[in-house]
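2 protein chains.
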Amino acid sequence: MPSRRHVIADDLRHQISSGQLKAGERLPSEAQLATRYTVSTATLRSALALLQGEGLVEKIHGNGNFVRHPLRRITYAGGAAAPAPWTAFSAPLRMTARTTNIKAPSHLTTLLNLPPRSSLNEVLFTTHEGKTPHGLAHIYVPHGFAPATPPLPEQIAARLADLRPPLSEVQERVSARLPTLEEAETLRISPSLAVLSLTRVTTDSTGRVIEAALLVLPGDRADALFTTRFVTEERSSKK
Amino acid sequence: MPSRRHVIADDLRHQISSGQLKAGERLPSEAQLATRYTVSTATLRSALALLQGEGLVEKIHGNGNFVRHPLRRITYAGGAAAPAPWTAFSAPLRMTARTTNIKAPSHLTTLLNLPPRSSLNEVLFTTHEGKTPHGLAHIYVPHGFAPATPPLPEQIAARLADLRPPLSEVQERVSARLPTLEEAETLRISPSLAVLSLTRVTTDSTGRVIEAALLVLPGDRADALFTTRFVTEERSSKK
DNA sequence: GAGTGGTCTAGACCACGAG
DNA sequence: TCGTGGTCTAGACCACTCA
C-alpha cells in the first residue's frame, strides 16, 4: 500500500516539522535525494510534488528546492465586517495598486449588471507580507467612481461609506480551485496548491452594483471568516 | 514553451467541451492515447492529471478514464440564511446520516470550548445527488443535545430554533485545500482537486457553543454564498 | 485471464539560475 | 560554464476490474 513517494514525502515532511530542515533552507539536489532514498529521479520528484501541494516546499527552477517559510495565516473578514478588501485583512499588509480604465468584457457586464462595452475602472491589487505575495485582487468600479489619479484605497473606502443611495447588500461567493498558471506565478505558489477564490458584489439600495471584487488567496495561508450575529429580541419574523 | 502534456490536455479538453467526448463516456486506453499522440505513457498520464485536477476526467483503476458528468453546481448558503447545513443547500440532496457518541478529542474541545474528554454526539453526513457524492459533513453537538435514536435533521433544526437561551452568533471559516486521501475517496474526486473546507461554530447568547460543523465540499461543483444586508438608519420596510 | 490504470526505473535532453 | 530543476522516453512490473 504505502508507495515509495509517500514514504519519502512523509520522511521529508517530518524533517521539516521537526526542524532538521529549517525554513528557507535549500534541500539537497533531487539527484542527491534520489540516491539517498535509492529511487529514480521521477519518483523522488513525485514525492516533492506532494510536499509542494501542501505548501511546504517551493521549487525554483535552476536553483533548488526550498523549505517554505512558516505560513503566517491571514484572515479575510467577510460579511458586515468589510466593505472594502483592503480593510478586510487581519494583519497590515503592504500592497501595490494599479488602476486602469477598461471596456467591460462580457463576464463583467453580467456580474456588474451593466450594458455591454461599458467603461469602468479596474484596480489590480497585490498584497505582500515582506517579499512573499499574499493575495491578488481585481476590483471593478463602474461610473467613473474610483479615484483615477491617486489609487489610494482610503479614498474608495471613504466614498463607499458616504455613498448616496447607501449600499444595501454585499454578496460574497467563495470557491476553491487550483490557480491558473498566471495566478500561481504572481502568488509564487505551486500550481497544485489550492486557492480560495472570492467574488464580492456590493449593491446599493436601488439595486445598482457599486463595486465588484475578485480575490484570489493562497489556500495554505489564507482563509475567510464570516460572522453573523442574530438580534435576540425580534426573531419572530421570517422570510 | 507549450509542453506536450499541455497540448494534449488542451486537445482532450476541447474534445470534451465540444461534445466529441460525451459525459460518462470512457476515453481510449492510456496506451492507445499515448500512441495516438506519439508520446510515452508517462507524458500522457501527466496530461490526464491536468484534466483530473479540473474535474473533467475521472480515473477508475483497472477500468478506464471517464468523462465526468457535467457538474450541477451546488451552493452552500452561509450567514443568516442557514442555521443548519441540511437547510443550507440550494438543491434538495439525498443524504445519509450516522450518529455516534464520542469522547471529544483535543482539537474539538478547543473548538467547542469544552473541558477535555467531554462526551458529545458526532453526526456524519454525506449528501448525494444521484450516485455521486456532493458533500461531507461532521457535526458535533455537546450536552446530549442531538437526537440519539432518530437522526432526523429536522429535529435538530427545530431544537436549534426553539433554543433557550437563543443562539446569537454563527462563525463560518472557509478555506481551500487539497482533500485528504480519505476525503477524496468518499467524495470520489481526484486527490488533486481542491475542496472547500468550512468550519461553522454556532454560539448562544451566553457564549456557549451549541454546535460545530466541519464541512468538506468538492471545489469543482460547490461554492459558498454569504449575503449581508445593511439596514439603513431609517426604518426599512421588508420587501 | 485479458485489459486497464498505478508505480517505478535509468536514463536522455532541455531550460533556467548563479557565478 | 556548471549545477540545478523540467520534460520526456521506452520500457518493466504490480494492482485492480470485469467477463
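Residue numbers (the working numbering), protein chains in the order written: chain A, 88 to 326; chain B, 88 to 326. Ideal Cβ positions, reconstructed from N, Cα and C, are used throughout, including at glycine. All of these numbers come straight from a predicted model, not from anything done at the bench.
With H, G and I counted as helix, E and B as strand and the rest as coil, what does DSSP make of residue i?
i, result
"Ser105/B", "coil"
"Ser284/A", "strand"
"His93/A", "helix"
"Ala299/B", "strand"
"Pro234/B", "Residue placement at Pro234/B is poorly supported in this model, since its pLDDT is 44, which falls under 50; the coordinates still yield a value, given next. DSSP places Pro234/B in coil when its eight states are reduced to three."
"Arg260/A", "strand"
"Thr293/A", "coil"
"Val316/B", "Looking at the sequence shown, residue 316/B is not Val but Arg. Reduced to three states, the DSSP call for Arg316/B is strand."
"Ser193/A", "helix"
"Thr213/B", "strand"
"Ala271/A", "helix"
"Ser133/A", "helix"
"Glu145/B", "strand"
"Gly140/A", "helix"
"Asp307/B", "coil"
"Leu199/A", "helix"
"Ala118/B", "helix"
"Gly222/A", "strand"
"Gly111/B", "coil"
"Gly165/B", "coil"
"Arg185/A", "strand"
"Leu207/B", "strand"
Report yes if the CB atom of residue i is closer than 7 Å to the CB atom of residue j, and no otherwise.
i, j, result
"Leu280/A", "Val261/A", "no"
"Leu99/B", "Val154/B", "no"
"Ala311/B", "Gly165/B", "yes"
"His225/B", "Leu207/B", "no"
"Ala300/B", "Arg287/B", "yes"
"His156/B", "Ala191/B", "no"
"Thr289/A", "Ile276/A", "no"
"Tyr227/A", "Leu195/A", "yes"
"Val126/A", "Arg91/A", "yes"
"Thr213/B", "Pro202/B", "no"
"Glu209/B", "Thr183/B", "no"
"Leu283/B", "Gly222/B", "no"
Please classify residue i as buried or exposed, where buried requires at least 16 neighbouring CB atoms within 10 angstroms.
i, result
"Ala235/A", "Residue confidence for Ala235/A is low, a pLDDT of 40 falling below 50, so the modelled location carries little weight; the figure read from the coordinates is stated next. Ala235/A comes out exposed."
"Asn152/A", "buried"
"Leu268/A", "exposed"
"Thr315/A", "buried"
"Ile147/A", "exposed"
"Pro266/A", "buried"
"Ala233/A", "For Ala233/A, the pLDDT reaches just 48, beneath the cut-off of 50, and the residue's location in the model is therefore unreliable, leaving the point undetermined."
"Val94/A", "exposed"
"Glu259/B", "buried"
"His101/A", "exposed"
"Ile57/A", "Only positions 88 to 326 of chain A appear in this structure, which leaves residue 57/A out of reach."
"Leu239/A", "Per-residue confidence for Leu239/A stands at a pLDDT of 47, beneath the threshold of 50, marking its modelled position as unreliable; the derived number appears in the next sentence. The residue in question, Leu239/A, is exposed, as its Cβ has fewer than 16 Cβ neighbours within 10 Å."
"Ile189/B", "exposed"
"Gly106/B", "exposed"
"Gly149/B", "exposed"
Rounded to whole angstroms, how far is the Cβ of residue i from the Cβ of residue j, which I believe are closer than 8 Å?
i, j, result
"Leu199/A", "Pro229/A", "6 Å"
"Ala134/B", "Ala96/B", "4 Å"
"Ala263/B", "Gly306/A", "4 Å"
"Arg159/B", "Glu112/B", "The Cβ separation is near 18 Å, so there is no contact."
Any chance the CB of residue i is under 6 Å from a heavy atom of the ligand GDP?
i, result
"Lys109/A", "For the structure depicted, the ligand GDP is absent and the ligand set is empty, with no information on it obtainable."
TODO: Give a yes or no on contact between the region 255 to 263 of chain B and the region 130 to 138 of chain A, applying the rule of three or more CB pairs nearer than 8 Å.
DONE: no
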